[in-house]
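Below is one structure; the comments refer to it alone.
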Amino acid sequence: VQLQAFGGGLVQPGGPLRLSCAASGSIFSIHARGWYRQAPGKQRELVAVITSGGSTHYVDSVKGRFTISRDNAKNTVTLQMNSLKPEDTAVYYCNALTTTAQAIWGQGTEVTVSS
1008 VQLQAFGGGL VQPGGPLRLS CAASGSIFSI HARGWYRQAP GKQRELVAVI TSGGSTHYVD
1068 SVKGRFTISR DNAKNTVTLQ MNSLKPEDTA VYYCNALTTT AQAIWGQGTE VTVSS
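In our numbering, the protein residues as written are 1008 to 1122.
This is the structure in structure tokens:
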């Protein structure tokens, strides 16, 4: 499985931004897909995940602001981020977890929230 992330950039506080992650390869082996982020000087943290069954989970700090969704026809997962805050500034990584518990990572995409 290969993952390619799109989106990211500079946005003002309160603004929206959308990240997308396209998967290719052995798509059938993917159990869950998600987004992680790593801010400078901090550990990488899970932001949101969506399972093959459609269940979603969010870290508390983004609940009500971020929405993760998947388009199975396009093998794409999207993270819609609204009401962005400076503390959301980080490098965001898309992730896939296979049915054999293998973690696949895409390249990071930088999100900067600043006026």
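Glycine included, each C-beta is placed from N, C-alpha and C at the ideal position.
For clarity, every value in this text was computed on a predicted model and none was experimentally measured.
Under the three-state reduction of DSSP, Val-1084 is assigned to strand. Taking 3 residues as the minimum length, the beta strand (DSSP E) runs contained wholly in the segment 1055 to 1116 are 1063 to 1065, 1073 to 1078, 1083 to 1088, 1097 to 1105, in order along the chain. Of all C-beta pairs linking the segment 1048 to 1065 to the segment 1107 to 1116, fewer than three are shorter than 8 Å, placing the two stretches out of contact. For Ser-1031, the three-state secondary structure derived from DSSP is strand. Take the alpha-carbon of Pro-1093 and the one of Lys-1070: they are about 16 Å apart. Apart from the 5 residues on each side of it in sequence, Gly-1015 sits with its Cβ closer than 6 Å to the Cβ of Thr-1116, Glu-1117, Val-1118 in its chain, given in chain order. For Gln-1019, same chain residues with a beta-carbon under 6 Å away, outside a window of 5 residues either side, are Ser-1122 in chain order. In this structure, the straight-line span from the alpha carbon of Thr-1058 to that of His-1038 is close to 6 Å.
Ser-1033 and Asn-1082 have their C-alpha atoms spaced approximately 11 Å apart.
When C-alpha distances from Thr-1096 are compared across Ala-1080, Ser-1076, Gln-1009, Lys-1049, the shortest belongs to Lys-1049.
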